[in-house]
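In the working numbering, each number is its position in the sequence shown, counted from 1, plus 1351. Even glycine gets a Cβ: it sits at the ideal position worked out from N, Cα and C. Predicted model only: the values in this text are computed from it and were never measured. Here the structure comes first, spelled out in structure tokens, and everything after it is commentary.
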Amino acid sequence: MSSRVKETGEEKGIVFRDLPLSIMRINERYDFDIYLQIRGDYRLFAAKGALFTDQHTKLLADGSIRLYVKNEEWDKVEEYQINYLSRILADPSVNSHDKASVAFTASMKSIREIFHSVESRTIRDVEKNAEEMVQLILSEEEVMENLVWIESHDHFTYQHSVRVGIYATALTIKLFNDKLTKQEMAALSAGYFLHDIGMAQVPMRVLEKSHPLTPSEWGLIRMHPMWGYDRLLETGHLTPEAAAIVLSHHERHDGSGYPFAREGDGIPAYAKICAIADTFESLTASRPYRKSVKPFHALKIMQQEMAAEFDAEMFKSFILLLGPGS
Ligand SMILES: [Fe+2]
Ligand SMILES: [Fe+2]
């Protein structure tokens, strides 16, 4: 589909795409035909339905031969990547670029699923505006490292982080693109992706709980902005942008948020953007223990029941970015 498609070759009208060898899992089945290019011709190397084995990787070990898949089967490659996402992300032999691309593919697929009922402009906008920046951010080793850390603790927080990262980056580009340097934009985007990094310190039993949390469990959740700040400080990843976002993304425009109950202009602008993206993602994402709402409905809830919590101008821009038929 989009510009992200890397068309690496064409033969008799059939388009082939690059398949990074590093995403293939040993001794797992795959559901797409894998080709090699030999003297300009594409030849079947491994037929779908078989196991990808050590033998296959040995044949390709010197790195001079590249693998390809027909474009029409790329959906199956995406599914495969999503199935093995956590293993691919945790695999030290997969480079950051390939991890970034798997993380991006999986997130955009789930964002498309969230929006499948809405006019597709939404997705085109997100992809067009934020794709390049998001790919760049996810390619940074330290951002990916931290996301892998979250993923190893809790898959849902990981998914949430990446989607919030994409929405908030898109909104920042819409609002401030001409006022920010590329470096500033990149630092902000990294902050959005890592906004909930402190959640990795909240015990699993609290994150997985299906019934209402006790006050002391809420107390643990409410620590995550501070824990996130500490984690970035300890690992040397604390930029001023990430600090503002991680610490203040639960502050609310009307002063009802935490940890400092700041209000209005007392809250850093980028934390306010993150708050909007964060709330929207939480409402629309499905979790095993909680029903999700459709994007249009989520925007309506935010407008009718929560408007005082958000910066009005920023929220208006968010609706313009994501609202149906906008
Ligand atoms: Fe959070
Ligand atoms: Fe969040």
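1) Taking 7 Å as the cut-off, is the beta-carbon of histidine 1575 closer than that to any non-hydrogen atom of ligand 1?
2) Please name the residue in Ala1626, Phe1666 and Glu1493 whose C-alpha comes closest to that of arginine 1514.
3) Consult DSSP for isoleucine 1618 and reduce its assignment to one of helix, strand or coil.
4) Which of helix, strand or coil does DSSP assign to lysine 1363?
5) Quick one: give me the first and last residue of the beta strand (DSSP E) that tyrosine 1386 is part of.
6) In this structure, how does DSSP classify phenylalanine 1669 when only helix, strand and coil are distinguished?
7) Count Cβ pairs between the stretch 1403-1413 and the stretch 1366-1382 that sit closer than 8 Å; are there 3 or more?
8) Which residue marks the beginning of the alpha helix (DSSP H) containing aspartate 1426, and which one marks its end?
9) Between the stretch 1539-1547 and the stretch 1481-1501, do three or more beta carbon pairs fall short of 8 Å?
10) Grouping DSSP H, G and I as helix and E and B as strand, with all else coil, what is alanine 1659?
11) Take isoleucine 1572 as the anchor and find which of Gly1606, Asp1382, Met1555 and Leu1583 has the nearest alpha-carbon.
12) Evaluate the contact criterion for the stretch 1504-1512 versus the stretch 1609-1621: three or more CB pairs, one atom per stretch, below 8 Å.
13) Around the Cβ of alanine 1595, are there at least 16 other Cβ atoms within 10 angstroms (buried) or fewer (exposed)?
14) Using the Cα positions of arginine 1438 and aspartate 1426, report the straight-line distance between them to the nearest angstrom.
15) Please classify aspartate 1629: is it buried, with 16 or more other beta-carbons within 10 angstroms of its beta-carbon, or exposed?
16) Using the Cα positions of serine 1567 and leucine 1558, report the straight-line distance between them to the nearest angstrom.
17) Could you check whether valine 1445 and leucine 1370 sit closer than 8 Å to each other, using their CB atoms as the reference points?
18) At a cut-off of 7 Å, is histidine 1506 close to ligand 1 when judged by its beta-carbon and the heavy atoms of the ligand?
19) How do the stretch 1580-1590 and the stretch 1524-1535 stand: do at least 3 beta-carbon pairs fall below 8 Å, yes or no?
20) Enumerated in chain order, which unbroken segments of the beta strand (DSSP E) with a length of 3 residues or greater are wholly contained in the stretch 1498-1551?
21) Let me know the secondary structure DSSP gives serine 1677 once reduced to three states.
22) With DSSP collapsed to three states, give me the class of arginine 1394.
23) Looking at the structure shown, is arginine 1355 part of a helix, part of a strand, or coil, going by DSSP?
24) Which same chain residues, not among the five before or five after lysine 1399, have their C-beta less than 7 Å away from its C-beta?
25) Mind listing which residues have their beta carbon within less than 6 Å of any non-hydrogen atom of ligand 2? Chain order is fine.
26) Can you name the start and end residues of the alpha helix (DSSP H) that tyrosine 1336 belongs to?
27) State the DSSP-derived secondary structure class of lysine 1421, mapped to helix, strand or coil.
28) Assuming contact is defined by CB atoms lying nearer than 8 Å, are isoleucine 1433 and methionine 1484 in contact in what I supplied?
29) Is histidine 1407 close to ligand 1? I mean its beta-carbon at under 7 Å from any heavy atom of the ligand.
Based on what the coordinates show:
1) Residue mapping note: residue 1575 aligns to position 224 of the sequence shown, counting from 1. Result yes, Cβ under 7 Å from ligand 1.
2) To locate residue 1514, count along the sequence shown from 1; it is residue 163. The residue with the shortest Cα to Cα distance from arginine 1514 is Ala1626.
3) Numbered from its first residue, the sequence shown carries residue 1618 at position 267. Reduced to three states, the DSSP call for isoleucine 1618 is coil.
4) Position 12 of the sequence shown, counted from the start, is the residue given in the question as residue 1363. In this structure, lysine 1363 counts as coil in the three-state DSSP scheme.
5) Start at 1 with the first residue of the sequence shown, and residue 1386 comes out as number 35. Tyrosine 1386 -> beta strand (DSSP E) spans 1385-1389.
6) Taking the first residue of the sequence shown as 1, we reach residue 1669 at position 318. Correct three-state label for phenylalanine 1669: helix.
7) yes
8) Sequence index remark: in the sequence shown, residue 1426 carries index 75 (1-based). Its alpha helix (DSSP H) spans residues 1425-1434.
9) yes
10) Stepping through the sequence shown from its first residue, residue 1659 is reached at position 308. Residue state, collapsed to three classes: helix.
11) By 1-based counting over the sequence shown, the position of residue 1572 is 221. The shortest Cα separation from isoleucine 1572 among Gly1606, Asp1382, Met1555 and Leu1583 belongs to Met1555.
12) no
13) The residue labelled residue 1595 in the question sits at position 244 within the sequence shown. Buried.
14) Within the sequence shown, the letter at position 87 stands for residue 1438. Within the sequence shown, the letter at position 75 stands for residue 1426. One C-alpha to the other measures close to 19 Å.
15) Residue mapping note: residue 1629 aligns to position 278 of the sequence shown, counting from 1. Per the 10 Å Cβ criterion, buried.
16) Taking the first residue of the sequence shown as 1, we reach residue 1567 at position 216. Taking the first residue of the sequence shown as 1, we reach residue 1558 at position 207. Looking at the two C-alpha atoms, the distance is approximately 13 Å.
17) Position 19 of the sequence shown, counting from 1, holds the residue named residue 1370. Position 94 of the sequence shown, counting from 1, holds the residue named residue 1445. No; because the gap between Cβ atoms is not below 8 Å, this pair is not in contact.
18) Locating residue 1506 in the sequence shown gives position 155, where the first residue counts as 1. No, since every heavy atom of ligand 1 falls outside the 7 Å radius drawn around the Cβ of histidine 1506.
19) no
20) none
21) Counting from 1 along the sequence shown, the entry for residue 1677 is found at position 326. For serine 1677, the pLDDT reaches just 43, beneath the cut-off of 50, and the residue's location in the model is therefore unreliable, although a value from the coordinates is still provided. The answer is coil: DSSP assigns serine 1677 none of H, G, I, E or B.
22) The residue labelled residue 1394 in the question sits at position 43 within the sequence shown. In the structure shown, arginine 1394 sits in a strand (DSSP, three-state: E or B).
23) Start at 1 with the first residue of the sequence shown, and residue 1355 comes out as number 4. In this prediction, arginine 1355 scores a pLDDT of 40, lower than 50, which makes its location untrustworthy; no coordinate-derived value is stated.
24) To locate residue 1399, count along the sequence shown from 1; it is residue 48. These residues qualify, in order along the chain: Tyr1381, Asp1382, Phe1383 and Asp1384.
25) His1511, Val1515, His1546, Asp1547 and Asp1629
26) Outside the shown range of the chain (1352 to 1677) lies residue 1336, about which nothing can therefore be said.
27) Residue numbering aside, residue 1421 sits at position 70 when the sequence shown is read from its first letter. DSSP places lysine 1421 in strand when its eight states are reduced to three.
28) Residue 1433 sits at position 82 when you count from the first residue of the sequence shown. Residue 1484 sits at position 133 when you count from the first residue of the sequence shown. The answer is no: Cβ separation not under 8 Å.
29) Stepping through the sequence shown from its first residue, residue 1407 is reached at position 56. Incorrect: histidine 1407 has no Cβ contact closer than 7 Å to ligand 1.
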